[in-house]
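All residue numbers for the sequence shown refer to the numbering used here, where the first residue is 2 and numbers rise by one.
Each residue gets a CB set at the ideal place from its N, CA and C atoms; glycine is no exception.
Bear in mind the structure is a predicted one, so any value in this text is a computation, not a measurement.
Note sheet for the following structure.
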Amino acid sequence: MTAQAKKPANQKVGAEVAQSGAKAPFPFRTAISIFLLAGNFLIAGIYFHLVNP
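Here is the structure:
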């Protein structure tokens, strides 16, 4: 066994970030992802003739 396997399992990664009340560090990535998803739905609508440009 390694030393890492003997550590207690109750240590939570990022617990101090959750308690600090900090905002998510990636709002730009989220906005771009939502924009691309909306574009994807638009292209699907055009493909299935639900939207006629």
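- A direct Cα-to-Cα measurement between Thr-31 and Gly-40 gives close to 14 Å.
- Taken through DSSP and simplified to helix, strand or coil, Phe-49 comes out as coil.
- Assigned with DSSP and collapsed to three states, Pro-28 falls in helix.
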